[in-house]
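> Okay, here's the structure, questions in a sec.
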Amino acid sequence: MQLAQALFRRFRHWNLARLSRHRKRRRLDYEEWCARHDTLAPPLLDVLGARAKELSRHASVDLLWMEAARPGELEDCLRSLRGQLFRTWRLHVPLSPQGDAEQARWWQEQSQADPRIVCHEVSAEPALRLRALLRAATAPWCGFVSERERLRPHALLKLVEGALQRADAVLVYGDEDRIDSSGRRHSPWFKGDFDPESLLGHDAIGRPSLFHSETLRKCVSADSLAFGALLHDLALRVTERIAPERVVHVPHVLCHRLQATPQDLADTERAVAAHLARLGIAARAEAQLDHHWPVVRVRFALPEPAPWATVIVPTRNNLNALRACVTSILERTTYPNYDVAIIDNACDDPECLRFLEEVAKSPRVQVRRDPRLFNFASLNNASVRAARGEFVALLNDDVEVLSPDWLQEMLSLAARPGVGAVGARLLYADRTLQHGGVIVGLQGAAGHAMKRLSATEAGPGGRARLMQSYLAVTAACLVVSRASYEQVGGMNEAEFAVAYNDVDFCLKLHAAGYRNLWTPHAELLHHESVSRKKTDPLTRKRGLDAESRALCARWPQWVERDPYYNPNLTLASDDFGLADPPRVSLTISATLPKPR
């Protein structure tokens, strides 16, 4: 029997992986998507041009050139700037007396040909240079330009429109892609709305962006940082004490990059460490080059004394999975302050009962019998009420611990002020990604992000390597404080007995003002839903459909628009494919400006 179950699981995972590869081969190619939905044909350009002309009467932008480059490398970038539909801009160029004479002559010639290009003799030291350029900038909004970027014709128009959506906005940013020497577009980065958590790991703002000039002047550091780290540092400083809503995301590709901005990981680590110190957060920043994707991992300190956590594992006649689960917890978990509560949901298999009797002899383990009809929400609610710990870790019985520090990592996040639920990186048996966070609205209700991503893939925008916010995470492995759990009333037992109870619970936490986080640094293996394999498929489908409808009825605003998922990405599948058509349009105009 055990061998047959193992073979069944292996075949199931193989078949799911095959179907995932098949969907990826069939999904819409980015070049074709651009041709269908993101080509600026003359009629659209006329509409955008008329809006830009009107907007130019109300707004202006200062752009700063911060890097040295040879004239031949600048012409295409400058051509894209001169081709902007929004024309009320000025470009400030720093010229150092000790700089390249040929470059200085070239810029002077450009300045004479276009009065919007203004040259300044300033220090070669980056921090002093930035301060001098900002003193010369008089427009309400300020951005940066690099020779590695090509702004699309509507870039400044859409950024300025985005900046004017909120009277108190301080930063606005758009999406981006890459372009090769032949002009072919590829590798789009469709970003989510602003997430301060992901900004700790890398420059989640990216390019292009505009900063509120007055705010930016107050945030310039005295440190000399490489250009990529400088932009990351400025984003951290500008946003670190404000509501995330004051950062506006424009979900359109507004910039092509020839290549990524070189990232000095040492400078980036220093910028993140300084940010944590300014906020008084006890944490350590560590630069990591993981699978060629540079990130900064932040290790948060635990409260003192270290909190007690109760790991709650409901089970019923699932001996093989339960044994692997509990053994992995007891043998691999390095965090010392925890106990395990196994919830016996009417087990009647003699072998399973013998195992429960044996494992209960461990001083860390207690077995509590709860023979009611299976209801995942009510089992967890009752278990949380009876838990010893001030934090609880909800764990499926078909999950195995891989990372020895999984519990410490998740507790260090869950114990932070304002954090609700924390989810883990769950893997299939073949080590592809099973859970990278939950996207609300996916496939009609909610689904896991980045499914079937391989171990070497960083995911879109490096998301698979970054600690970040989500509206929800799965309760297959979820850590939360007992106080927060009880504050929102726990899980909904009446409407979500089997599925979506974790999503609904996380959305209640979000509505109460908590941030739900996902960490890639707590890895566990998940033999997905093997404990429910005996349920009648038709009955299971009917129950799932009813709970799906209930989730959509309770949370229509998030089902319609998950802020951490770009509207250019599909809701039909879980592979971050392209939406056809997108759920956002260039023809919908933002409101015109109000006085600041």
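For the record, in the sequence shown the residue sitting at position 380 is 1152 according to my numbering, with numbers rising by one throughout. C-beta: ideal position from N, C-alpha, C; glycine also. These figures come from a predicted structure and were not determined experimentally.
1. Alpha carbon to alpha carbon, how far is N1089 from T1099? Give it in angstroms, no decimals.
2. What number of angstroms, rounded off, separates the C-alpha of V1210 from the C-alpha of R877?
3. According to DSSP, is S868 helix, strand or coil?
4. In terms of DSSP beta bridges, what is F1072 paired with?
5. Would you identify the three-state DSSP class for C1119, choosing helix, strand or coil?
6. Can you say whether K990 is buried or exposed, counting buried as having 16 or more other CB atoms within 10 angstroms of its CB?
7. Have a look at E845 and D872 and give me their C-alpha separation to the nearest angstrom.
8. Please name the residue in Y1286, R1235, E1172 and D965 whose C-alpha comes closest to that of R1104.
9. Do D801 and A911 count as a contact pair if the criterion is CB distance below 8 Å?
10. Between which residues of its own chain and A1165 is the CB-CB distance below 6 Å, once the five residues before and five after are set aside?
11. When you compare only the Cα positions, how much space is there between Q880 and C891?
12. For the beta strand (DSSP E) that contains S1184, what are its first and last residues?
13. Name the DSSP bridge partner or partners of Q1138?
14. When you compare only the Cα positions, how much space is there between R1071 and E969?
15. P1023 lies in the alpha helix (DSSP H); which residues open and close that run?
16. Threshold first: 3 residues or longer. Then list the beta strand (DSSP E) segments lying entirely within the region 914-946, N to C.
17. Go through the region 1221-1307 residue by residue and report every complete run of the beta strand (DSSP E) that reaches 3 residues or more, in order.
18. For A998, I'd like the list of residues in its chain whose CB is within less than 6 Å of its CB, leaving aside the five on either flank, ordered along the chain.
19. Grab the span of the alpha helix (DSSP H) containing H1004 for me, first residue to last.
20. In this structure, how does DSSP classify I1101 when only helix, strand and coil are distinguished?
21. In terms of residue numbering, what span does the alpha helix (DSSP H) encompassing G973 cover?
22. What is the C-beta distance between E1041 and V1085, in whole angstroms, given that I count them as a contact (C-beta under 8 Å)?
23. Use the C-beta contact count for S1357: other C-beta atoms within 10 angstroms, 16 or more gives buried, fewer gives exposed.
24. If you drop the 5 nearest sequence neighbours on each side, which residues of the same chain put their C-beta closer than 6 Å to that of I889?
25. Considering only residues of the same chain and omitting the five flanking positions on each side of A1271, which have a CB-CB separation below 6 Å?
26. May I ask you to report which of helix, strand or coil DSSP gives T1082?
27. Taking the alpha carbon of L988 as the reference point, which residue from T811, L1238, C1278 and L906 has its own alpha carbon closest?
28. In whole angstroms, give me the CA-to-CA distance for R901 and D995.
29. Using only the alpha-carbon positions, how far apart do R799 and G1349 sit?
30. Along the chain, where does the beta strand (DSSP E) containing D834 start, and where does it finish?
31. If you draw a straight line from the alpha carbon of T1228 to that of S1345, how long is it in whole angstroms?
32. From which residue to which residue does the alpha helix (DSSP H) around G821 run?
33. From what residue to what residue does the beta strand (DSSP E) around S883 run?
34. Which residues in the same chain have their Cβ closer than 6 Å to the Cβ of E893, if we skip the five residues on either side of it in sequence?
35. Report back the beta-carbon spacing between G934 and P1335 to the nearest angstrom; my notes put them in contact at under 8 Å.
36. In terms of alpha-carbon separation, which member of Q875, G1000, D947 and L936 lies closest to S918?
On the basis of the coordinates in this document:
1. Taking the first residue of the sequence shown as 1, we reach residue 1099 at position 327. Taking the first residue of the sequence shown as 1, we reach residue 1089 at position 317. If you take the alpha carbons of T1099 and N1089, they lie about 16 Å apart.
2. Numbered from 1 along the sequence shown, position 438 holds the residue referred to as residue 1210. Numbered from 1 along the sequence shown, position 105 holds the residue referred to as residue 877. Straight-line Cα distance between these residues: approximately 54 Å.
3. As a first step, residue 868 must be located in the sequence shown, where it is residue number 96. Reduced to three states, the DSSP call for S868 is coil.
4. What you label residue 1072 is simply residue 300 of the sequence shown in a count that begins at 1. Bridge partners of F1072: A1055.
5. Indexing the sequence shown from 1 puts residue 1119 at position 347. Three-state result, C1119: coil.
6. Translated into positions along the sequence shown, residue 990 becomes position 218. When all chains shown are included, K990 counts as exposed.
7. Mapped onto the sequence shown, residue 845 falls at position 73. Mapped onto the sequence shown, residue 872 falls at position 100. If I take the Cα positions, the gap works out to 14 Å.
8. By 1-based counting over the sequence shown, the position of residue 1104 is 332. Of Y1286, R1235, E1172 and D965, the residue nearest in Cα terms is E1172.
9. Walking along the sequence shown from the start, residue 911 turns up at place 139. Walking along the sequence shown from the start, residue 801 turns up at place 29. It is not a contact, given that the beta carbons lie outside the stated cut-off.
10. The residue labelled residue 1165 in the question sits at position 393 within the sequence shown. Correct list, in chain order: A1081, V1083 and V1251.
11. On the sequence shown, position 108 is the one that residue 880 refers to. On the sequence shown, position 119 is the one that residue 891 refers to. Their backbone Cα atoms lie some 7 Å apart in a straight line.
12. Translated into the one-based positions of the sequence shown, residue 1184 becomes position 412. Premise fails: S1184 lies in the alpha helix (DSSP H), W1178 to A1186, not in any beta strand (DSSP E).
13. Translated into positions along the sequence shown, residue 1138 becomes position 366. Answer by DSSP bridge pairing, in chain order: A1113.
14. Position 299 of the sequence shown holds residue 1071. Position 197 of the sequence shown holds residue 969. Approximately 12 Å between the Cα atoms of the pair.
15. Start at 1 with the first residue of the sequence shown, and residue 1023 comes out as number 251. Here P1023 belongs to no alpha helix (DSSP H); instead the beta strand (DSSP E) covers V1019 to R1029.
16. 921-923
17. 1240-1242, 1249-1253 and 1287-1298
18. Position 226 of the sequence shown, counted from the start, is the residue given in the question as residue 998. Contacts found: D1036 and D1039.
19. Here residue 1004 refers to the residue found at position 232 of the sequence shown. First-last of the alpha helix (DSSP H) with H1004: F999 to T1011.
20. Within the sequence shown, numbered from 1, the residue matching residue 1101 stands at position 329. The answer is helix: DSSP assigns I1101 an H, G or I state.
21. What you label residue 973 is simply residue 201 of the sequence shown in a count that begins at 1. Segment P968 to G973, the alpha helix (DSSP H) holding G973.
22. In the sequence shown, the residue the question calls residue 1041 occupies position 269. In the sequence shown, the residue the question calls residue 1085 occupies position 313. Their Cβ separation, rounded to whole angstroms, is 38 Å, which puts E1041 and V1085 out of contact at 8 Å.
23. The residue given as residue 1357 occupies position 585 in the sequence shown. Classification for S1357: exposed.
24. Residue mapping note: residue 889 aligns to position 117 of the sequence shown, counting from 1. Cβ within range, chain order: L863, Q882 and S883.
25. The sequence position of residue 1271 within the sequence shown is 499, counting from 1. Around A1271: L1316 and E1319.
26. By 1-based counting over the sequence shown, the position of residue 1082 is 310. Looking at T1082 - three-state DSSP - the assignment turns out to be strand.
27. Start at 1 with the first residue of the sequence shown, and residue 988 comes out as number 216. Residue L906 is the option with its Cα nearest to L988.
28. Taking the first residue of the sequence shown as position 1, residue 901 is located at position 129. Taking the first residue of the sequence shown as position 1, residue 995 is located at position 223. Their Cα atoms are separated by approximately 12 Å.
29. Working through the sequence shown from its first residue, we reach residue 799 at position 27. Working through the sequence shown from its first residue, we reach residue 1349 at position 577. Roughly 7 Å between the two C-alpha positions.
30. In the sequence shown, the residue the question calls residue 834 occupies position 62. V833 to W837 is the span of the beta strand (DSSP E), which, as asked, contains D834.
31. The residue you call residue 1228 lines up with position 456 of the sequence shown. The residue you call residue 1345 lines up with position 573 of the sequence shown. Spanning the two alpha carbons is a distance of roughly 21 Å.
32. Along the sequence shown, read from residue 1 onward, the residue named residue 821 stands at position 49. Its alpha helix (DSSP H) spans residues P814 to L827.
33. As a working mapping, residue 883 is identified with position 111 in the sequence shown. First-last for S883: A873 to A885, but that is the alpha helix (DSSP H), not the beta strand (DSSP E).
34. Working through the sequence shown from its first residue, we reach residue 893 at position 121. Excluding sequence neighbours, E893 sits near L867.
35. Within the sequence shown, residue 934 is the residue found at index 162, counting from 1. Within the sequence shown, residue 1335 is the residue found at index 563, counting from 1. The pair is not a contact, with the Cβ atoms about 15 Å apart (cut-off 8 Å).
36. Taking the first residue of the sequence shown as 1, we reach residue 918 at position 146. Checked all of Q875, G1000, D947 and L936; the closest Cα to S918 is G1000.
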